[in-house]
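Undergrad:
In our numbering, the protein residues as written are 211 to 382.
1) Count the other CB atoms, across all protein chains shown, that sit within 10 Å of the CB of residue 286; report buried if there are 16 or more and exposed otherwise.
2) Is the separation between the beta-carbon of residue 320 and that of residue 336 shorter than 8 Å?
3) Once DSSP output is grouped into helix, strand and coil, what is the label at residue 325?
4) Figure out for me which residue from 375, 284, 367, 364 has the closest Cα to the Cα of residue 243.
5) Taking the alpha carbon of residue 324 as the reference point, which residue from 277, 353, 363, 255 has its own alpha carbon closest?
6) Taking a contact to mean a Cβ-Cβ separation below 8 Å, would you say residue 311 touches residue 241 in this structure?
7) Report the option in 268, 316, 235, 221 whose CA atom is closest to the CA atom of residue 246.
8) Should the segment 250 to 269 be regarded as contacting the segment 291 to 305, the criterion being three or more beta carbon pairs within less than 8 Å?
9) In angstroms with no decimal places, state the Cα-to-Cα distance between residue 224 and residue 248.
10) Does DSSP classify residue 255 as helix, strand or coil?
11) From this set, 257, 229, 306, 234, which residue's C-alpha is nearest residue 270's C-alpha?
12) Residue 226 bridges to which residues according to DSSP?
13) Can you give me the Cβ contacts of residue 302 inside the same chain, cut-off strictly under 6 Å, excluding the 5 residues immediately before and after it?
14) Use the C-beta contact count for residue 382: other C-beta atoms within 10 angstroms, 16 or more gives buried, fewer gives exposed.
15) By alpha-carbon positions, which one of 239, 354, 288 ends up nearest to residue 327?
16) Can residue 239 and residue 215 be called in contact, C-beta distance under 8 Å?
17) Measure the C-alpha to C-alpha separation of residue 306 and residue 300 and round it to an integer number of angstroms.
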């Protein structure tokens, strides 16, 4: 039952994603979360790490689109330096914004990776879409809203099950 929440890959930070591995899986586009994925929570502007990583992703031939549950004002400001497709008030884990991102990038579900720090929004939504999903560890969970902190408790249950199943699969 918990498998619908399992990511296909887990990394410490977006910079640790091996773009060649994605290319070998025929991934051509990345759907990205902002808060605690690209920058710490509540950082208003894309920092140098985010800018450089997005430049590397784009120069490697990948299309990119931000899909965030944040407000229009927040997403537009954050995207000023990145200048990539960006969608706000996405209502993740619903798939409507993810599908709009696919249309903007002119890609199919199986050509896209969804990258984010939250299992119940980014990963679950990406899995419902049929995309490749990548969970990144939150950059700064200390500044998260109480609702997100509560969800993190349940995420630990999912991750424990995930690692248990991975271990069992590797034993076969």
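Note that beta-carbon positions come from the ideal geometry of N, C-alpha and C, so glycine has one too. Note that the coordinates shown come from a computational prediction; the quantities given were computed from them, not determined experimentally.
TA: Let's see:
1) Along the chain shown, read from residue 1 onward, the residue named residue 286 stands at position 76. Only exposed fits residue 286, as fewer than 16 other CB atoms lie within 10 angstroms of its CB.
2) For the purposes of this step, residue 320 is identified with residue 110 of the chain shown, where counting begins at 1. For the purposes of this step, residue 336 is identified with residue 126 of the chain shown, where counting begins at 1. Cβ atoms of residue 320 and residue 336: not closer than 8 Å.
3) Position 115 of the chain shown holds residue 325. Correct three-state label for residue 325: strand.
4) Taking the chain shown and counting its residues from 1, the one referred to as residue 243 is at position 33. For residue 243, the nearest C-alpha among the options comes from 284.
5) Residue mapping note: residue 324 aligns to position 114 of the chain shown, counting from 1. Residue 277 is the option with its Cα nearest to residue 324.
6) Against the chain shown, residue 311 aligns to sequence position 101. Against the chain shown, residue 241 aligns to sequence position 31. Closer than 8 Å, so yes.
7) Numbered from its first residue, the chain shown carries residue 246 at position 36. Considering only alpha carbons, the answer is 221.
8) Contact between the segment 250 to 269 and the segment 291 to 305 is present: three or more C-beta pairs spanning the two stretches fall below 8 Å.
9) Taking the first residue of the chain shown as 1, we reach residue 224 at position 14. Taking the first residue of the chain shown as 1, we reach residue 248 at position 38. Cα-Cα distance, rounded: 7 Å.
10) Here residue 255 is taken as the residue at index 45 of the chain shown, counted from 1. Collapsing the DSSP output to three states places residue 255 in coil.
11) As a first step, residue 270 must be located in the chain shown, where it is residue number 60. Per the Cα distances, 229.
12) Locating residue 226 in the chain shown gives position 16, counting from the first residue. DSSP, once it has assigned bridges, lists no residue as partnering residue 226.
13) Position 92 of the chain shown, counted from the start, is the residue given in the question as residue 302. Within the same chain, residue 302 has close Cβ partners 279, 331, 335.
14) By one-based count along the chain shown, residue 382 stands at place 172. Here residue 382 scores only 47 on pLDDT, less than 50, and its place in the model should not be relied on; the value that follows carries that caveat. Exposed, since its Cβ has fewer than 16 Cβ neighbours within 10 Å.
15) Sequence index remark: in the chain shown, residue 327 carries index 117 (1-based). Out of 239, 354, 288, the CA that lies nearest to the CA of residue 327 is found in 354.
16) The sequence position of residue 239 within the chain shown is 29, counting from 1. The sequence position of residue 215 within the chain shown is 5, counting from 1. No, these two residues do not count as a Cβ contact at 8 Å.
17) One-based indexing of the chain shown puts residue 306 at position 96. One-based indexing of the chain shown puts residue 300 at position 90. Distance from the CA of residue 306 to the CA of residue 300, rounded to the nearest whole angstrom, comes to 8 Å.
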